[in-house]
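*Asks:* I am attaching a structure below and will ask some questions about it afterwards.
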Amino acid sequence: MFVQLRDHVNAFLDLPHAHVPHAESGPLSNLKFGVKDLIDVAGYKTGCGNPNKYQEANIATSSAPIVQVLLDAGAEFVGKTQTDELAADILGLRTHLPKAINSAAPDRMVGGSSSGSAAAVSAGLVGFTLGTDTRGSIRTPASFNGILGLRTTWGRISNEGLSPMSPRFDTIGWFAKDIEIFEKVSQVIFSSKASQIPVGLTPPNLDNPTILRLPDYERFIIELEAREEYDRMLKIVEKTFEQVKFGRYLAYSPEETCEIGSGLLSYEVWQVYKDWMISKQPILHPEVRQYLEATSKITVESYEANDKRQAICRADLLDLLGDSNVIVLPSVPSIAPLLFISEDAINEFCRPAIILHSIATVSGCPQITLPIGTVRGAPFGLSLLGPPYSDEALISLGKKILQTANISK
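Just so you know, the sequence shown maps onto residues 1 to 409 in full-length UniProt numbering.
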C-alpha cells in the first residue's frame, strides 16, 4: 500500500509531513482545511488515489493557486484527503484504502470522488475542505454527508495544480458544515487571483430570482420517501422566494444531456490517461480499469458530434436561465445507498445520479448543495443551479433557504 490513513473516518492520508506555512492573521485565521489528493500542495506528492501515480509523482514545489490563496488568508493546511482512484467514482467505493466513513449516516456510503474531503468536514475534523467536481464529485458527497458543497462555474477557479480528469468539465469547489464558514471561504476565493471572470462580464446578482422547477429532472428521484422529502424541501423554497414556477422543457432530454456529457468526458479521460496506461501498466481498481478501457473506444467522430450537441445544450439552458432565473432540483436521486448492497442496486442509483448531475456538468453552470433534507435519518440535499458566474449569488440564496429551513423546524 502506498500510503495509510490517519483518522477515525479514513479522511486524511498519512503522508510524510512537510511544513506548509500560512499567514499568521487574515480572514481565515483559526480555520483548518484539507485538500483533495488531486490538487497540489507544496511539499507533498499528488497521488490521485493510485499507488503508481503516488510513486511516480514529484513533490510539488508550489501549491495550486487556490490553495495558496487560502494559506495567504490565514487558513491552516492540515493534510491531503483521500480520493476515489483517478476521481472515477461518485460513491466513494473505488479506492485502494479503507473507505472513508460518512459520519452523518455511518451505515451508508460516503460519496465520491471527493470522499475524504466530505468525510473530514462531516466529522468536524476541519472547518472546510477543497474537492473537485467533474460529474458529481462534490454534489454527491455533500448530499450524502449533510454538508454544504459548491460545484463552481466551469473556468471560474484556476485549475492550475489540479490533476485533470476531463479538462472540459473539471472544476474545483469546497465543502463546509457551517454557512458562515462557507461564505467566508467563498469570499476569500472569489475575490482572489485564483478566481477568473471574463473581461466586461458582470456576474448575475439574482436579487429577485425566479425559481424554476424542471419536472423532467425531478422524475429521477428514485424512492417515494425521497420524493415526499423533496416536496417538503420545495415548500421551504416557496416560503423563501416569491416566484417558484415550472420551467419549459429543454432542447435535449436529461438522458440525452447525460449521453452528451458521458461521451465527451470518456473521450477526454482516455486522452489524459492513455499514454500512462500503455507505458506503465499501472495497478488499478478492477472497476477503474474496466472504465478506462471502455473510454478508449470513444471515436473522434463521436466526440466531435457531442461537442456540437454540447454547444446547443448549453446555449438552450443559458437562454432558460437568463440573468434572473435559478433552477431547483435534487442533488442526487435519494439518500446514500447502504454500504453492502448488490452491484445492480449500485447501478440503479448511479444512472439517475449521473443524469441529474449532467445539467451542470454539460452547461458549466454553478450548483450548490444545501443540507436541508433527511430520509430515514440520512441526509438528502437540495440544489440550486444558476447562470454562469452566479456562484456568490447562489450562496446568498442558499443561506436564505437554510434560514427558512431552520425557522420551519
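Don't be surprised by glycine CBs; every beta carbon is placed ideally from N, CA and C.
Just so it is clear, the structure is predicted and the values come from calculations on it, not from any experiment.
1) Smallest Cα separation from residue 479: which of Val-288, Arg-168, Ser-29, Pro-204?
2) What are the partner residues of Gln-243, as DSSP defines its beta bridges?
3) Mind checking Lys-45: buried by the 16 CB within 10 Å criterion, or exposed?
4) Cα separation between Asn-50 and Trp-276?
5) When burial is assigned at 16 or more other CB atoms within 10 Å of the CB, is Gly-261 buried or exposed?
6) Does DSSP put Met-1 in a helix, a strand or coil?
7) Determine the DSSP secondary structure at Gln-367, reduced to helix, strand or coil.
8) According to DSSP, simplified to helix, strand and coil, what is His-17?
9) What is the C-beta distance between Ser-331 and Ser-383, in whole angstroms, given that I count them as a contact (C-beta under 8 Å)?
10) Throw me the rounded Cβ distance for the Ala-360 and Arg-232 pair, which I believe falls under 8 Å.
11) State the DSSP-derived secondary structure class of Leu-31, mapped to helix, strand or coil.
12) Looking at C-alpha atoms only, which residue of Gly-386, Asp-7, Asp-216, Ala-142 is the closest neighbour of Ile-372?
13) Pick helix, strand or coil for Ser-396, following the three-state DSSP scheme.
14) Which ranges does the beta strand (DSSP E) cover as unbroken runs of at least 3 residues, wholly within the segment 163 to 244, from first to last along the chain?
15) Just mark Thr-299 as buried or exposed, buried being the case when its beta carbon has 16 or more other beta carbons within 10 Å.
16) Tell me the DSSP secondary structure of Pro-98 in three-state form.
17) Using C-beta distances below 8 Å, list every residue in its chain close to Ser-25, excluding the 5 sequence neighbours before and after it, in chain order.
18) For Ser-324, which three-state DSSP category applies?
19) Given a cut-off of 8 Å, decide if Arg-94 and Phe-144 are closer than it, judged by their beta-carbon atoms.
20) Which residue from Gln-271, Leu-250, Pro-21 puts its Cα closest to that of Val-78?
21) Going by alpha carbons, who is nearest to Asp-323 out of Ala-176, Pro-204, Lys-80, Asn-406?
22) Could you tell me whether any Cβ in chain B is nearer than 8 Å to the Cβ of Leu-320?
23) Is the segment 155 to 174 touching the segment 253 to 269 in the sense that three or more CB pairs, one from each, lie closer than 8 Å?
*Replies:* Looking at the atomic coordinates:
1) Outside the shown range of the chain, which is 1 to 409, sits residue 479, and nothing can be said about it.
2) The sequence position of residue 243 within the sequence shown is 243, counting from 1. Partner(s): Thr-210.
3) For this step, residue 45 is matched to residue 45 along the sequence shown. So Lys-45 ends up on the buried side.
4) Indexing the sequence shown from 1 puts residue 50 at position 50. Indexing the sequence shown from 1 puts residue 276 at position 276. Taking the straight line from one Cα to the other gives about 12 Å.
5) Counting from 1 along the sequence shown, the entry for residue 261 is found at position 261. The residue in question, Gly-261, is buried, as its Cβ has 16 or more Cβ neighbours within 10 Å.
6) For the purposes of this step, residue 1 is taken as residue 1 along the sequence shown, with counting starting at 1. Because the pLDDT of Met-1 is 43, which lies under 50, any placement of that residue in the model is unreliable, and the number read from its coordinates should be weighed accordingly. Three-state DSSP puts Met-1 in coil, outside helix and strand.
7) Residue mapping note: residue 367 aligns to position 367 of the sequence shown, counting from 1. When secondary structure is reduced to three states using DSSP, Gln-367 falls in the strand class.
8) Your numbering for residue 17 matches position 17 in the sequence shown. In the structure shown, His-17 sits in coil (DSSP, three-state: anything other than H, G, I, E or B).
9) Within the sequence shown, the letter at position 331 stands for residue 331. Within the sequence shown, the letter at position 383 stands for residue 383. About 4 Å; that satisfies the 8 Å criterion.
10) In the sequence shown, counting from the first residue as 1, residue 360 sits at position 360. In the sequence shown, counting from the first residue as 1, residue 232 sits at position 232. That pair is no contact at about 23 Å.
11) By 1-based counting over the sequence shown, the position of residue 31 is 31. If DSSP states are grouped into helix, strand and coil, Leu-31 belongs with coil.
12) Within the sequence shown, residue 372 is the residue found at index 372, counting from 1. Here the closest residue by C-alpha is Ala-142.
13) For the purposes of this step, residue 396 is identified with residue 396 of the sequence shown, where counting begins at 1. Three-state DSSP puts Ser-396 in a helix.
14) 171 to 176, 210 to 213
15) The count along the sequence shown starts at 1 and reaches residue 299 at position 299. Thr-299 should be labelled exposed.
16) As a working mapping, residue 98 is identified with position 98 in the sequence shown. Reduced to three states, the DSSP call for Pro-98 is coil.
17) Here residue 25 is taken as the residue at index 25 of the sequence shown, counted from 1. Closer than 8 Å at the Cβ level, and outside the excluded window around Ser-25, lie Gly-74.
18) Mapped onto the sequence shown, residue 324 falls at position 324. If DSSP states are grouped into helix, strand and coil, Ser-324 belongs with coil.
19) On the sequence shown, position 144 is the one that residue 144 refers to. On the sequence shown, position 94 is the one that residue 94 refers to. Not a contact, by the Cβ cut-off of 8 Å.
20) On the sequence shown, position 78 is the one that residue 78 refers to. Nearest of Gln-271, Leu-250, Pro-21 to Val-78, Cα basis: Pro-21.
21) For the purposes of this step, residue 323 is taken as the residue at position 323 of the sequence shown. Comparing Cα-Cα distances from Asp-323 to each of Ala-176, Pro-204, Lys-80, Asn-406, the minimum goes to Pro-204.
22) No chain B appears in the structure shown, which is made up of a single protein chain.
23) Between the segment 253 to 269 and the segment 155 to 174 there are three or more C-beta pairs closer than 8 Å, enough to call the two in contact.
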